[in-house]
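With positions in the sequence shown counted from 1, the corresponding number in the numbering used here is that position plus 1. These notes are about the structure you will find just below.
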Amino acid sequence: MSSPTPPVLLPYQQRWIADKSPLKIAEKGRRTGLTWAEAADDVIAAASARDAGGQNVYYIAYNQDMTIEYIQSCGMWARAFDYAASEIEEGIWDDEADRDRHIKTYTVKFPSGFRIVALSSRPTNLRGKQGIVVIDEAAFHDQLDELLKAALALLIWGGCVRVISTHNGIDNPFNELINSTRAGKRGSKARVHRIPFQQAVDEGLYQRVCGRAGKKYTRKDEAAWVVEVYD
Numbered sequence: 002m003s004s005p006t007p008p009v010l011l012p013y014q015q016r017w018i019a020d021k022s023p024l025k026i027a028e029k030g031r032r033t034g035l036t037w038a039e040a041a042d043d044v045i046a047a048a049s050a051r052d053a054g055g056q057n058v059y060y061i062a063y064n065q066d067m068t069i070e071y072i073q074s075c076g077m078w079a080r081a082f083d084y085a086a087s088e089i090e091e092g093i094w095d096d097e098a099d100r101d102r103h104i105k106t107y108t109v110k111f112p113s114g115f116r117i118v119a120l121s122s123r124p125t126n127l128r129g130k131q132g133i134v135v136i137d138e139a140a141f142h143d144q145l146d147e148l149l150k151a152a153l154a155l156l157i158w159g160g161c162v163r164v165i166s167t168h169n170g171i172d173n174p175f176n177e178l179i180n181s182t183r184a185g186k187r188g189s190k191a192r193v194h195r196i197p198f199q200q201a202v203d204e205g206l207y208q209r210v211c212g213r214a215g216k217k218y219t220r221k222d223e224a225a226w227v228v229e230v231y232d
């Protein structure tokens, strides 16, 4: 008898998607696959009709490699969910604060009329936009405090903000955001998800790595892999 097929999303990824808080923050270990899970949720949001909660999604990374990886994940999820979607379109977004600066974008459009726009660099602000904002590896963005100020304004009209990052020091706007949220200063509709690397491993991360590589899983190999990663 064959083994049952494991769920596509690991438990911590499932908890992240299941949380519909307007503002949610993930402090996570590196390469735990949370952006990949977020892409799944974003595809569902952009593919849904307005009366079913559909919205535009704006993904903001601090480098182009992350942007491309994310938008490719969105394309993969759209195919997996069998959602009609456009091919990935490349474009240019003018920086509102510096008209001589142009930001490369990648867009996927859905028949719902909504779209996912992934930015290869941080725009100065999000004025005039509405929907879901995803700020990835937030602690490594320049002027994160100003970006958060612009993003959080979208909550007024029913938008959502997702802040995902590993830590980058104590005196960092990302760490300050976590502390203020835990202290209740962001209201009752804000939530922090803490996902240490070891927790991700305990919930199946290495098993997923083995499955992807076609490698047999053993606890001994997992323990050695964890040591190697920490080293």
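No residue lacks a Cβ here, since even glycine has one placed at the ideal position from N, Cα and C.
| Asked | Found |
| --- | --- |
| Cα-Cα separation between Ile-117 and Thr-108, rounded to whole angstroms | 6 Å |
| Helix, strand or coil at Tyr-84 [DSSP, three-state] | coil |
| Other residues of its chain near Ser-122: CB distance less than 6 Å, five sequence neighbours each side excluded | Ile-104 |
| Same chain only: Cβ atoms within 7 Å of Ala-81, ignoring 5 sequence neighbours per side | none |
| Integer Cβ distance of Pro-135 from Val-230, believed to fall under 8 Å | Residue identity check: residue 135 is Val in the sequence provided, not Pro. Not a contact, Cβ separation roughly 25 Å. |
| Identity of the residues DSSP links to His-194 by a beta bridge | Ala-27 |
| For Tyr-71, the three-state DSSP class (helix, strand or coil) | helix |
| Residue burial classification, Lys-21 (beta-carbon count within 10 angstroms, cutoff 16) | exposed |
| Cβ-based burial, Arg-163 [other Cβ within 10 Å; buried from 16] | buried |
| Proximity below 8 Å, CB of Leu-35 to CB of Gln-65 | no |
| Buried or exposed (CB count within 10 angstroms, at least 16 for buried), His-168 | exposed |
| Cβ-Cβ separation, Ile-196 to Thr-33 (assumed contact under 8 Å), whole Å | 6 Å |
| Ile-93, buried or exposed, once every other Cβ within 10 Å from all chains shown has been counted against 16 | exposed |
| CA-to-CA distance, Ala-79 to Ala-86, given in whole angstroms | 7 Å |
| Nearest-angstrom Cβ-Cβ length linking Glu-204 and Pro-12, presumed shorter than 8 Å | 5 Å |
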